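Participant:
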Amino acid sequence: MPRPLRWLTGLLFAGLSLHAQPTTSSLAGDWRFALDRADAGITEAWFNRDLPDRITLPGVLQAQGYGNDIATDTPWVVALGDAWWKLQPADLREKFSQPGRVEVPFLSQPPKHYLGAAWYQRDIEIPAGWSGRRLALFLERPRWETTVWLDGNKLGSNNSLVAPHEFELGRPAPGKHRLTIRIDNRQIVRDPRNDGHGVDSHAVSDALGSTWNGIVGRIELQATTPVWIHDAQVFPNVERKSARIKVTLGNVSGATGSGTLSVHWRRDHQSRGDAAATEPSTSRAGGPAS
Numbered sequence: 000m001p002r003p004l005r006w007l008t009g010l011l012f013a014g015l016s017l018h019a020q021p022t023t024s025s026l027a028g029d030w031r032f033a034l035d036r037a038d039a040g041i042t043e044a045w046f047n048r049d050l051p052d053r054i055t056l057p058g059v060l061q062a063q064g065y066g067n068d069i070a071t072d073t074p075w076v077v078a079l080g081d082a083w084w085k086l087q088p089a090d091l092r093e094k095f096s097q098p099g100r101v102e103v104p105f106l107s108q109p110p111k112h113y114l115g116a117a118w119y120q121r122d123i124e125i126p127a128g129w130s131g132r133r134l135a136l137f138l139e140r141p142r143w144e145t146t147v148w149l150d151g152n153k154l155g156s157n158n159s160l161v162a163p164h165e166f167e168l169g170r171p172a173p174g175k176h177r178l179t180i181r182i183d184n185r186q187i188v189r190d191p192r193n194d195g196h197g198v199d200s201h202a203v204s205d206a207l208g209s210t211w212n213g214i215v216g217r218i219e220l221q222a223t224t225p226v227w228i229h230d231a232q233v234f235p236n237v238e239r240k241s242a243r244i245k246v247t248l249g250n251v252s253g254a255t256g257s258g259t260l261s262v263h264w265r266r267d268h269q270s271r272g273d274a275a276a277t278e279p280s281t282s283r284a285g286g287p288a289s
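Numbered per numbering that gives the first Met the number 0, the sequence shown finishes at 289, counting up by one with no gaps.
#1: Using beta-carbon positions only, say whether Gln61 and Pro110 come within less than 9 Å of one another.
#2: With a cut-off of 8 Å, do at least 3 Cβ pairs link the region 140-150 to the region 82-97?
#3: Please tell me whether Leu50 and Gln120 are closer than 9 Å, where the distance is taken between their beta carbons.
#4: Under the three-state reduction of DSSP, which class applies to Gln221: helix, strand or coil?
#5: How should Arg92 be labelled, buried or exposed, when 16 other C-beta atoms within 10 angstroms of its C-beta is the threshold for buried?
#6: Please list, in chain order, all residues of the same chain as Gln221 whose beta carbon is under 6 Å from its beta carbon, the five residues on each side excluded.
#7: Measure the beta-carbon distance from Trp211 to Val59 and round it to whole angstroms, keeping in mind my assumption that it falls under 8 Å.
#8: Can you tell me where the beta strand (DSSP E) holding Arg133 begins and where it ends?
#9: Considering only residues of the same chain and omitting the five flanking positions on each side of Tyr113, which have a CB-CB separation below 8 Å?
#10: Helix or strand or just coil, what does DSSP make of Ala290?
#11: For Glu93, report the span of its alpha helix (DSSP H) as first-last.
#12: Look up Trp211 in the DSSP assignment and say whether it is helix, strand or coil.
#13: Please state whether the Cβ-Cβ distance between Ala231 and Ile244 is less than 9 Å.
#14: For the beta strand (DSSP E) that contains Trp118, what are its first and last residues?
#15: Give a yes or no on whether the C-beta atoms belonging to Val188 and Ala78 are separated by under 9 Å.
#16: Might you give, ordered along the chain, the residues of its own chain that have their beta carbon closer than 6 Å to the beta carbon of Leu11, omitting 5 neighbours on each side?
#17: List the whole-angstrom C-beta distance separating Trp118 from Gly40, where the pair is believed to meet the contact cut-off of C-beta under 8 Å.
#18: Hey, how far is the Cα of Thr179 from the Cα of Lys153?
#19: Count the other CB atoms, across all protein chains shown, that sit within 10 Å of the CB of Met0; report buried if there are 16 or more and exposed otherwise.
#20: In its own chain, which residues sit with a C-beta less than 7 Å from the C-beta of Thr223, not counting the 5 before and 5 after it?
#21: Please confirm whether Gly208 and Leu86 have their CB atoms less than 9 Å apart.
#22: Identify, in the order they occur along the chain, each residue of the same chain with its Cβ nearer than 7 Å to the Cβ of Thr71, setting aside the five sequence neighbours on each side.
#23: List the endpoints of the continuous beta strand (DSSP E) containing Phe105.
#24: Once you ignore the five residues that flank His164 on each side, which residues in its own chain have a CB closer than 6 Å to its CB?
#25: Taking the beta strand (DSSP E) that Pro235 belongs to, which residues open and close that run?
#26: Beta strand (DSSP E) containing Ser25: first to last residue?
#27: State the Cα-Cα distance for the pair Ser204 and Trp148, rounded to the nearest angstrom.
#28: Can you tell which of Pro74, Arg181, Gln108, Leu168 has the C-alpha that lies nearest to the C-alpha of Asn47?
#29: Return the Cβ separation of Pro173 and Pro126 in integer angstroms, given the expectation that the two are a contact with Cβ distance under 8 Å.
The structure is reproduced here in structure tokens:
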């Protein structure tokens, strides 16, 4: 990194009496669960009733005994290797095709196989100390498309394969609430040119075991003040030895306000001094705004 801009590496944000880091509560542990083989869950409003089975999150359903046994007709998400397998001698194919002992080449073969919707659900307790705070749900690594309901109210969907799935919960009252997540691990994104989404790409293929259904990594509730720092980005200009800082504020307070946004920076971890700059800022009700 050019020396004149090394101080940007330690850029810190504060101001407006906002907390840069939210208060969090982990949701790891036992969840209620149900497979939705017939895609009936949305029509039958499963988000309004308790699910019958149990599963552990973070985790993957195929690794916890759910799904189908591996068979010679398992519908793998893969193209490479299939033709090769069919061309092998009959005795070789017979050896690796016995019920309960099927072994498939070119795959990171899971203990079970499942493509479709699965539902995950648990009760969450909003503490009294979080009254009036804005809450968000953070899912670090789901696979693939998530849809979330809180107390039967749909919060939205996300199908990113490269970033956490985050959902706004608003400012729910303290007490018990039902949180329900539907996860669909089928080929969610389709390429109209070939009716597929690179089925041999590492992010979606069974070749590297990427068709699992579940959530791994952090699963947590995040609580912030009703006005919070939603995003902060730095755009350095090496020639001018300067940087443009873009900050987006979120606001669910129901009111419009103004204040001063303070930016503090330090040169690097060996620096003895720091500096600061301030900029007037306006926050409007209704959610994130720059």
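Glycine residues also receive a C-beta, built at the ideal position from the N, C-alpha and C atoms. Remember, it's a predicted structure, so these values are computed and weren't measured experimentally.
Facilitator: Taking the geometry as given:
#1: yes
#2: no
#3: yes
#4: strand
#5: exposed
#6: Pro21, Thr23, Ala135, Phe137
#7: 4 Å
#8: 133-142
#9: Leu34, Leu60, Gln61, Tyr65, Gly66, Asn67, Asn184, Asn212
#10: Residue 290 is absent from the model: the chain starts at 0 and stops at 289.
#11: 89-94
#12: coil
#13: yes
#14: 116-125
#15: no
#16: Unreliable placement is indicated for Leu11, whose pLDDT of 38 sits below 50; no coordinate value is reported for it.
#17: 6 Å
#18: 9 Å
#19: Note on Met0: pLDDT 40, under 50, position unreliable in the model; the coordinate value appears next. It is exposed - the Cβ of Met0 has fewer than 16 other Cβ atoms within 10 Å.
#20: His18, Pro21, Arg132, Arg133
#21: no
#22: Ser96, Val101
#23: Careful: Phe105 lies outside any beta strand (DSSP E) and carries neither H nor E.
#24: Leu138, Pro141, Thr145, Asn157
#25: 226-236
#26: 22-25
#27: 29 Å
#28: Arg181
#29: 6 Å
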